[in-house]
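From first to last, the protein sequence lines are chains A and S. Number 242 in my numbering belongs to position 240 of the first sequence; there are no gaps in the numbering. Number 204 in my numbering belongs to position 11 of the second sequence; there are no gaps in the numbering. The beta carbon of each residue, even a glycine, is placed where N, CA and C say it ideally should be.
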Amino acid sequence: MDKAHLTVKNLVMYYKTLKGEVKAVDDVSFSLLRGETVAVIGESGCGKSSLAKSIIRLLPRNVSTYKGAILFNDLNLMELDEKSFTRDIRWVKITYIPQAALNSLNPVIKIGDQMIEPLILRKKLDKREALEKAAKTLKTVGISENFIHRYPFEMSGGMKQRVIIAMSLLTEPELMILDEPTSSLDVLTQASIMNLLKNIRRSLKLSMIFITHDVSLSSELADKVAVMYAGQIVEFNDANAFYHDPKHPYSQKLMESVPTLRRDKKLDFIPGAPPSLLNPPRGCRFAERCPYVFEKCDKDPPLIYLSEGFYVKCWLYARE
Amino acid sequence: MLALREGIAVNTPLLNVEDLRKYFEIRRGLFGRREYIRAVDGVSLTLESGEAISIVGESGCGKTTLGKTILRLYEPTSGRIVFNGRDITHLSWGELKWYRRETGLVQQDPFGALPSFMTVKKILEEPLIIHGFKDRKQREERIYKALEQVKLTPVEDFIGKYPHMLSGGQQQRLVIARSIILEPKLIIADEPVSMLDASVRIEILKLLQKLQEDYKLGIIYITHDLSTTRYFSEKIYIMYAGHIVETAETKGILANPMHPYTKALLNVIPDPDPSNRFTIKKVPAGEPPNLLNPPVGCRFNPRCENMIKGLCDVKEPPLMKLTENHYVKCWLYARA
């Protein structure tokens, strides 16, 4: 069996607020092989972005609990001190594109000068070499090399997002974490960014964590799918299995709410709202909205393994 | 006289828009030349009462301006808007009061559309006061009814709340309640669900659909999302750079798109399918044009792979009839 590139085991990240402790990431496990993409899907507030930030250790200041294991190339990132994590991992081997990153480009600094910072700080290149590399990388994302001398306002949203992707490729990362990389872009621009991501992950053998609320869009990249609900992964499945036959009742309901363009189906929605992460219900967190709820659901369901590495967190699949 | 008027209203469509244009004037510098952003440039459409149509296009294509001009939140540059047999194109603000009562707007960002300092009750009461409902009891009845219609129940739980105490879906339902409280005949819903989660989206769209059926509301649904239009509208207008480039019944346009732009849009929208990850999609090069200085001829011609040189980049195509309800603005379908 191939060795996992990234394995997340029992990851927990809580943070304290005035109202209490927010259980943003609550015992999350998954793994992916080199060159694979896992799509993390779920509704807003389910902890998708917190999961990404926990992996790259960009924690909120009021973090109260942060534990578990993150094995990256067999190295447990949780054991690294901050200095070596910054030097070797964050924005070097693992890059992270936060939501709406394209709006965070500095409007008064030339694209090239903004891009080379990690090269100078982390890779210790001099400015000329760094700019050369930046220009080359821009070309791989489909932007003309002389754009290193331009300013962000001269570019459209799609081009800015390409610049951001180029920035995240500069340090030759192995893993890219993308948080809603196309959420503010138009349909056609979104499609061309998806094309770009498909191309670079193949040519550079990149692993990706692709976070999105859009189930249809997730299928553009996903080899594996992790469905998050209220801070937990309730289903972790192979893409081929998931899109045809989701297992967890929440996944099934979520899929029913996705309008399809090419065939007719009955659309349905999930009544009610997700629970607050301040005080999630005991037992299964989806129980109060679940059509199949029964006595056992009062207790926290275990991970029931479907096949090697894939699981569903639901009592319905537990064997007696 | 009254009967005669009603007679007219029965036979004419609820809304008829003819060759509507809205240009925004801008001036560069103090003595600069006047230039115009041609946001809506010759749009015609009709809407029957109880019918839902969608206007689909990317950001900057003029779809929001079209909606706001129809509601007369903007003064049209030229063209005609006829509502229920009455020409409202150039009525003054004061003369429009009755029209405000007949129409409603649901915008994209519900929180931004709601005054944060007013309770649910006050938000819903304001339009009633403006439109002369003097009896407090009558106002209260209306408020209860509207909240029940949008399923913000039990009403007592919601009526004293402020917008920030509601979830995104509940806020949008409150916006809808406000837009229907005067019992209008036309609602324009401008990206009503694009800020909401997948499952809440369907809930809100189903609510709008129910109102449309129960009260014979006409709904103009403005969106960039073709996949929801399939379920929630009978007719689609595809808009590109200020023009309607194709229109047909929903089923017809989705099964048989004609305009190269429509084809491109339909081609790139994914359905959940694991085989998507192995395919690179064909996307037209370039970006939508600047409406200050749109391309000559067909506005899609610089991005179109079927462009006919000497025709598409010279002369604007007319909206051509293909079948009974299917129209396309493209030279490829011109009969010699």
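- request: Determine the direct distance from the alpha carbon of A:P109 to that of A:F155, and round the result to whole angstroms.
  value: 7 angstroms
- prompt: Which same chain residues, not among the five before or five after S:Y348, have their C-beta less than 7 angstroms away from its C-beta?
  reply: A quick correction: the sequence has Val, not Tyr, at residue 348 of chain S. Y337, L340, E341.
message: Just verifying my parser: in three-state terms, what is the DSSP assignment at S:A448?
response: Correct three-state label for S:A448: helix.
Cut-off 6 angstroms between Cβ atoms - residues of its own chain near A:M169, not counting five sequence neighbours on either side: M117
query: How many Å lie between A:G114 and S:R273 at the Cα?
result: Their backbone Cα atoms lie some 50 angstroms apart in a straight line.
A:E182 (DSSP reduced to helix, strand or coil): coil
Interface flag, S:R423 vs chain A, CB-CB below 8 angstroms: yes
message: Taking the straight line between their C-alpha atoms, what separation do you get for A:A320 and A:K301?
response: 13 angstroms
field: Residue-level contact to chain A via CB, S:H417, 8 angstroms cutoff
entry: Taking Cβ atoms only, chain A reaches closer than 8 angstroms to S:H417, which makes this a yes.
Buried versus exposed call for S:T257 [16 or more other C-beta atoms within 10 Å across all chains shown]: buried
task: Label S:L367 either buried or exposed according to how many other C-beta atoms from any shown protein chain fall within 10 Å of its C-beta, with 16 as the threshold for buried.
output: buried
query: By the 10 Å Cβ neighbour count, where 16 or more other Cβ atoms means buried, how is A:S194 classified, buried or exposed?
result: When all chains shown are included, A:S194 counts as buried.
- request: Compute the Euclidean distance between the alpha carbons of S:D506 and S:Y430, then round it to the nearest angstrom.
  value: 23 angstroms
task: Kindly say whether A:D181, judged by its beta-carbon, lies nearer than 8 angstroms to any beta-carbon of chain S.
output: no
field: is_contact[S:R470, chain A] using C-beta, thresh 8 angstroms
entry: yes
- request: Starting from S:M500, follow the beta strand (DSSP E) in both directions and report where the run begins and ends.
  value: S:M500 -> no beta strand (DSSP E), and no H or E assigned at all.
message: Please identify the residue among A:K126, A:D216, A:V217, A:L223 whose C-alpha is closest to the C-alpha of A:I202.
response: A:L223
message: Below 7 angstroms on C-beta distance, what does S:P463 contact in chain A?
response: S218, L219, S221, E222
query: Measuring CB to CB, does A:D83 end up less than 8 angstroms from S:R470?
result: no
- request: Please report how far the alpha carbon of A:I306 lies from the alpha carbon of A:F312, in whole angstroms.
  value: 8 angstroms
Proximity of S:A382 and S:V343 at Cβ, strictly below 8 angstroms: no
Where the beta strand (DSSP E) containing A:S66 begins and where it ends: Element bounds for A:S66: 65–74.
query: Just the Cα atoms here: how many angstroms apart are A:T19 and S:G253?
result: 40 angstroms
query: Would DSSP call A:T19 helix, strand or coil?
result: Strand, per DSSP.
task: Please decide whether S:V476 counts as near chain A, where near means a Cβ-Cβ distance under 8 angstroms.
output: yes
query: With a cut-off of 8 angstroms, does the C-beta of S:L459 fall near any C-beta of chain A?
result: yes
message: Taking beta-carbon pairs under 8 angstroms, can you tell me which members of the stretch 183–211 of chain A lie near chain S?
response: Listed in chain order, the positions of the stretch 183–211 of chain A with a beta carbon within less than 8 angstroms of a beta carbon of chain S are D188, V189, L190, T191, Q192, A193, S194, M196, N197, K200, N201.
query: Assuming A:L107 contacts A:V165 under a Cβ cut-off of 8 angstroms, what Cβ separation, rounded to an integer in Å, is found between them?
result: Taking 8 angstroms as the upper bound for CB-CB distance, A:L107 and A:V165 are in contact here, some 7 angstroms apart.
query: Under three-state DSSP, which class holds A:T191?
result: helix
- prompt: Do you know offhand how far A:D247's Cα is from A:I43's?
  reply: Rounded to the nearest angstrom, the gap between the Cα atoms of A:D247 and A:I43 is 16 angstroms.
- prompt: Cβ atoms of A:A54 and A:I211: under 8 angstroms apart, would you say?
  reply: yes
- request: Give the residues from the stretch 244–273 of chain S that approach chain A closer than 8 angstroms (Cβ to any Cβ), ordered along the chain.
  value: E251, S252
field: Uninterrupted beta strand (DSSP E) stretches inside the stretch 222–280 of chain S (no shorter than 3 residues)
entry: 227–240, 245–249, 271–276
message: Below 7 angstroms on C-beta distance, what does A:Y245 contact in chain S?
response: P465, D466, P467
task: Would you verify that the beta carbon of A:M178 is, or is not, closer than 8 angstroms to some beta carbon of chain S?
output: no
message: Can you tell me where the beta strand (DSSP E) holding S:D407 begins and where it ends?
response: Run containing S:D407: none in the beta strand (DSSP E); it sits in the alpha helix (DSSP H), 391–408.
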